[in-house]
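**Q** Handing you a structure now.
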Amino acid sequence: MPEPDDHVVIEPETLYIGTPAFLIVTADVDGRPNVAPASSYWALGRMLVLGIETEGKTADNLLAGSDLTVSVPSPDLWPVIVRLATLTGRNPVPAAKAHRYRFEPDKFPVVGITPQPSDLVVPPRVRECRLQFEARTRRLTPAVDGGYLMVEAEVVRVHAASSIVREDRHGELQVDPARWHPLVYAFRHFFDRGDEVGWLASSRTAPHAPVVD
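Everything in the sequence shown is counted per full-length UniProt numbering, starting at 1 for the first residue and increasing by one.
The following block contains the structure:
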């Protein structure tokens with residue numbers, strides 16, 4: 001007999017089931033950088049699709065033509081996300097954000113991170129993050145309710161700390177999944193990635209083909 005269904009209907013406060021937190025850096029028309037935290041992210045091939053709220057400076061910069069960088073923090077950097085969560089680069093602060101945000105024109109030193117020059121785009125990377133993407137903004141799509149933008153960006157350069165890379169079976173450098181632990185954001189809490197449980201046959205760093213019963 002089938003097991004009884006123990007699911008219950010709930011109304012969770014958020015649908016962030018567990019995605020990587022990241023730091024997105026854009027630049028205004030004068031080249032001044034703005035760094036902001038985000039966690040709406042997926043990737044396909046060399047393309048990133050990001051969800052960005054329209055009330056912030058990040059959206060302003062993207063709509064004005066900025067490219068971007070995505071720097072992915074490791075779990076020990078979670079306090080940076082919390083510090084950034086109360087700061088905005090918009091002045092004056094939008095009314096919808098005024099109850100919990102304050103204007104800060106240079107967030108990097110305030111939250112304890114360092115801008116690192118990029119090779120191919122204007123916005124800098126975040127030096128403390130061990131995995132960093134430089135990307136060209138390719139398309140911005142407004143959400144149905146107007147509250148956020150869907151940002152499609154093409155990754156043009158990847159930077160990885162030597163401590164998290166290894167050679168694959170073809171002798172090319174890849175991120176070593178065993179060494180790389182991104183900061184995971186789930187239901188307003190932060191987590192380490194956890195232990196490895198398996199891999200795909202297409203992995204170029206796996207020790208052997210997956211064994212699936």
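We put the CB at the ideal spot given by N, CA and C, even for glycine.
Let's see if you can read the secondary structure: which residues bound the alpha helix (DSSP H) around ALA59?
**A** Taken as a continuous stretch (DSSP letters only), the alpha helix (DSSP H) holding ALA59 covers 57-63.
**Q** Beta-carbon within less than 7 Å of LYS97's beta-carbon, same chain only, minus the 5 sequence neighbours each way: which residues are those?
**A** Excluding sequence neighbours, LYS97 sits near GLU55 and THR88.
**Q** Tell me whether THR141 is buried or exposed, calling it buried when 16 or more other Cβ atoms sit within 10 Å of its Cβ.
**A** Answer is exposed; the Cβ neighbour count stays below 16.
**Q** Helix, strand or coil for ARG169? Go by DSSP, reduced to three states.
**A** Of the three classes helix, strand and coil, the one that applies to ARG169 here is coil, per DSSP.
**Q** Can you find a C-beta in chain B that's less than 8 Å from the C-beta of VAL25?
**A** Among the protein chains of the structure shown there is no chain B, as only one such chain exists.
**Q** Tell me, to the nearest whole angstrom, how far the beta carbon of LEU62 is from that of VAL151; I am working on the premise that it is less than 8 Å.
**A** At roughly 6 Å, the Cβ-Cβ gap stays under 8 Å, so LEU62 and VAL151 are in contact.
**Q** Give me the Cα-Cα distance between HIS189 and ALA153, rounded to the nearest whole angstrom.
**A** The alpha-carbon atoms of HIS189 and ALA153 are separated by roughly 27 Å.
**Q** Residues in the same chain with beta-carbon distance under 7 Å from GLY147, minus the five sequence neighbours each way, listed in chain order, please.
**A** Correct list, in chain order: GLU53 and THR54.
**Q** When the Cα of TRP180 is compared with those of CYS129, ALA64, GLU134 and SER202, which residue comes out closest?
**A** Nearest C-alpha to TRP180: CYS129.
**Q** Closest to THR114 by CA distance: which of ALA95, LEU48 and SER71 is it?
**A** It is SER71.
**Q** State the CB to CB distance for the pair ILE24 and ALA36, rounded to an integer number of angstroms; the pair is presumed to be in contact (CB under 8 Å).
**A** ILE24 to ALA36, Cβ: 6 Å. Contact.
**Q** Within 10 angstroms of the Cβ of ALA27, are there 16 or more other Cβ atoms? Answer buried if so, exposed if not.
**A** Label assigned to ALA27: buried.
**Q** Residues in the same chain with beta-carbon distance under 8 Å from TRP78, minus the five sequence neighbours each way, listed in chain order, please.
**A** So the list reads ALA21, LEU183 and PHE190, once near-sequence residues are dropped.
**Q** Measuring straight from C-alpha to C-alpha, what distance separates SER40 and THR137?
**A** One C-alpha to the other measures close to 16 Å.
**Q** Taking the CB atoms as reference points, tell me whether VAL155 and PHE133 lie closer together than 8 Å.
**A** Closer than 8 Å, so yes.
**Q** Quick one: what's ALA160 bridged to in DSSP?
**A** Answer is LEU131, bridged to ALA160.
**Q** On the three-state DSSP scale, how would you describe TRP78?
**A** DSSP places TRP78 in helix when its eight states are reduced to three.
**Q** Measuring CA to CA, which of PRO4, PRO94, ASP119 and VAL126 is closest to PRO109?
**A** Minimum Cα distance to PRO109 is reached at VAL126.
**Q** Classify LEU120 as helix, strand or coil using the three-state DSSP reduction.
**A** It is coil, neither helix nor strand.
**Q** Can you tell me whether ARG46 is helix, strand or coil according to DSSP?
**A** Coil.
**Q** Given a threshold of 16 other Cβ atoms within 10 Å of its Cβ, counted over all protein chains shown, does VAL9 qualify as buried or as exposed?
**A** Classification for VAL9: exposed.
**Q** Pull up the distance between the alpha-carbon of GLY65 and that of LEU149, whole angstroms please.
**A** Spanning the two alpha carbons is a distance of roughly 14 Å.
**Q** So is SER118 buried or exposed if we call it buried at 16+ other beta carbons inside 10 Å?
**A** Classification for SER118: buried.
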